[in-house]
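Here the sequence shown is numbered in this note's numbering, starting from 1096 and rising by one per residue.
Beta carbons are placed, not taken as given, at the ideal position from N, Cα and C, and that holds for glycine.
Have a look at the structure below, then the notes.
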Amino acid sequence: NLPPLRKRLEDIPLLVSHFLIKINKELHKNVTKVPADVMEMLKNHYWVGNVRELENTLLQAVVLSSDDILNKENVLLRKPEPGEIKEEVVKFITLAENERNHIKCILDAVQWDKNKAHKIL
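In structure tokens, the structure reads:
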């Protein structure tokens, strides 16, 4: 069993680098710079959704980025629901729920422009 991401903070910079390479390739973007304050913000987040939540957060941030810097204002961190932080039990969601959440996240990121969302998805 792999410990939750919030207990593996030293893995976050490596995961951020990995996901940025992957996302940049998919979206034909070049977001490569992560300021120290942004990396610190990512390390301090609780990451209830673990690695998938990190990847989706970075995807949204890259979509919103207009240059090669992962700006703090583009990193939209989900606030944990009441009780999530105290609970160490991982809640599993269905694939359909995960896909629905991902699609909504992308639509929100592109201000519900269906053509832009279609290109990303």
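{"Query": "I'd like to confirm the pairing. Which residues does DSSP put opposite residue 1116 in its beta bridges?", "Result": "None, per the DSSP bridge assignment."}
{"Query": "If we ignore side chains and look at the alpha-carbon of each, how far apart do residue 1118 and residue 1177 end up?", "Result": "31 Å"}
{"Query": "Roughly how many angstroms separate the alpha carbons of residue 1110 and residue 1157, rounded to a whole number?", "Result": "15 Å"}
{"Query": "Mapping the DSSP letters down to three states, classify residue 1188 as helix, strand or coil.", "Result": "coil"}
{"Query": "With 16 as the cutoff for other CB atoms within 10 Å, does residue 1127 come out buried or exposed?", "Result": "exposed"}
{"Query": "So the candidates are 1168, 1209, 1099, 1172; which of them puts its Cα closest to the Cα of residue 1137?", "Result": "1172"}
{"Query": "In terms of DSSP beta bridges, what is residue 1128 paired with?", "Result": "1164"}
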